[in-house]
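Trainee: Supplied in structure tokens, the structure appears directly below.
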Amino acid sequence: MTRRTEWPDSPAEPGGDAGSGDGPTEAFAAARGAAAGDAEVRSGHRSRGGSGAGSGFGQGAGRRARSGTRSSGSPSSSRAEKGEPRDPVEQARNICLRLLTGTPRTRKQLADALRKREIPDEAAEEVLSRFEDVGLIDDAAFAGAWVESRHHGRGLARRALVRELRTKGVDSAVIDEAVGQLDSDQEEETARELVARKLRSTRGLDRDKRLRRLAGMLARKGYGEGMALRVVRQALEEEGEDTEGLDEPF
């Protein structure tokens, strides 16, 4: 692994704060441009009405704007005044592009957001599949970056990472491949680093309280009981603590 991506402690869910996470990569930006260009082309095709379409479009737009002003109060005229497209496919595309600005998301996260906005299933499926084709949605890349970032940035073990990725709707096979980046040796090394950073703050407490505090910290990050006990015991021994009887489960 050559690059680390820092993820927020509490990443935003679809429909919520879309400002968390890293900025888009060049590939992500290029894919986003492709999807946006597709939207413009699609919209342009629907707006032309044969010969003389250029001037006719301007006149028609003026008439529609004046008509919308006269019929104030209706939801459709309100959307038109705001420039929001009426086509559900274009609505879905705009929603997804806004949510993906600067923040990678899984297909399920975007699908949930579209469902919340009452986008028809057929339109949502069309847009989500298009976004996968151009690389804006890539659950495998999302999961791999998530594992790398959350392990190195927060010290999370495989168990915790699996739980987080499941909540984001990533497929089990994709999750297994992503967490396969980590092996037991790497997990244990990270656990030792976590305990070493926390050890000083427990000095002055009795041995059993130190054990519970340090082991509890590892448990919350997804480390198994056996590994947590072994790592904490070794750390306490290095400080001269008597670890007699600490082989029992905590």
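My numbering numbers the first residue of the sequence shown as 61 and each following residue consecutively. Even for Gly, the Cβ is constructed at its ideal location relative to N, Cα and C.
(1) Taking the alpha helix (DSSP H) that D243 belongs to, which residues open and close that run?
(2) Alpha carbon to alpha carbon, how far is L196 from E237?
(3) Shortest alpha-carbon distance to V222 belongs to which of V207, H212 and G213?
(4) Drop a sphere of 10 angstroms on the beta-carbon of E298, count the other beta-carbons inside from all chains shown, and report buried for 16 or more, exposed for fewer.
(5) Check for me: the alpha helix (DSSP H) holding A203 runs from which residue to which?
(6) What's the C-alpha gap between R167 and L159?
(7) With H, G and I counted as helix, E and B as strand and the rest as coil, what does DSSP make of V230?
(8) Among the residues of its own chain, which have a CB less than 6 Å from the CB of P180, if the five just before and after it don't count?
(9) In chain order, what residues of the same chain have a beta carbon less than 6 Å from the beta carbon of E301, not counting five sequence neighbours either side?
(10) What distance in whole Å lies between the Cβ atoms of D199 and D231, which are believed to be in contact at a cut-off of 8 Å?
(11) When the Cα of A42 is compared with those of S244, R260 and V234, which residue comes out closest?
(12) What residue from S261, L174, D193 and Q169 has the CA that sits closest to N154's CA?
(13) For a test of the three-state rule: what should DSSP assign to G162, helix, strand or coil?
(14) Within 8 Å, do at least three Cβ pairs link the stretch 239 to 253 to the stretch 280 to 296?
(15) Run the CB neighbour count on Q169, radius 10 Å, all protein chains shown included, and call it buried at 16 or more, exposed below.
Mentor: Walking through what the data contain:
(1) Here residue 243 refers to the residue found at position 183 of the sequence shown. Looking at the DSSP string, D243 is not in any alpha helix (DSSP H), and its letter there is neither H nor E.
(2) Taking the sequence shown and counting its residues from 1, one reaches residue 196 at position 136. Taking the sequence shown and counting its residues from 1, one reaches residue 237 at position 177. About 20 Å.
(3) Along the sequence shown, read from residue 1 onward, the residue named residue 222 stands at position 162. Checked all of V207, H212 and G213; the closest Cα to V222 is V207.
(4) Against the sequence shown, residue 298 aligns to sequence position 238. The C-beta of E298 has fewer than 16 other C-beta atoms within 10 Å across all chains shown, which makes the residue exposed.
(5) As a working mapping, residue 203 is identified with position 143 in the sequence shown. Unbroken alpha helix (DSSP H) run through A203: D199 to R214.
(6) For the purposes of this step, residue 167 is taken as the residue at position 107 of the sequence shown. For the purposes of this step, residue 159 is taken as the residue at position 99 of the sequence shown. Going by the C-alpha atoms only, they are around 12 Å apart.
(7) As a position in the sequence shown, residue 230 is number 170, starting the count at 1. Coil, per DSSP.
(8) As a first step, residue 180 is located in the sequence shown; it is residue number 120 there, counting from the start. Closer than 6 Å at the Cβ level, and outside the excluded window around P180, lie P148.
(9) Taking the first residue of the sequence shown as position 1, residue 301 is located at position 241. Same-chain partners within the cutoff: R267.
(10) Translated into the one-based positions of the sequence shown, residue 231 becomes position 171. Translated into the one-based positions of the sequence shown, residue 199 becomes position 139. With 8 Å as the limit, D231 and D199 qualify as a contact, their Cβ atoms being about 7 Å apart.
(11) Residue 42 is absent from the structure shown; the chain starts at 61 and stops at 310.
(12) For the purposes of this step, residue 154 is identified with residue 94 of the sequence shown, where counting begins at 1. Checked all of S261, L174, D193 and Q169; the closest Cα to N154 is L174.
(13) Against the sequence shown, residue 162 aligns to sequence position 102. Coil.
(14) Because the criterion of three Cβ pairs below 8 Å is met, the stretch 280 to 296 and the stretch 239 to 253 touch.
(15) Reading the sequence shown from its first residue, position 109 is the one you call residue 169. By the neighbour-count rule (16 or more Cβ atoms within 10 Å), Q169 is buried.
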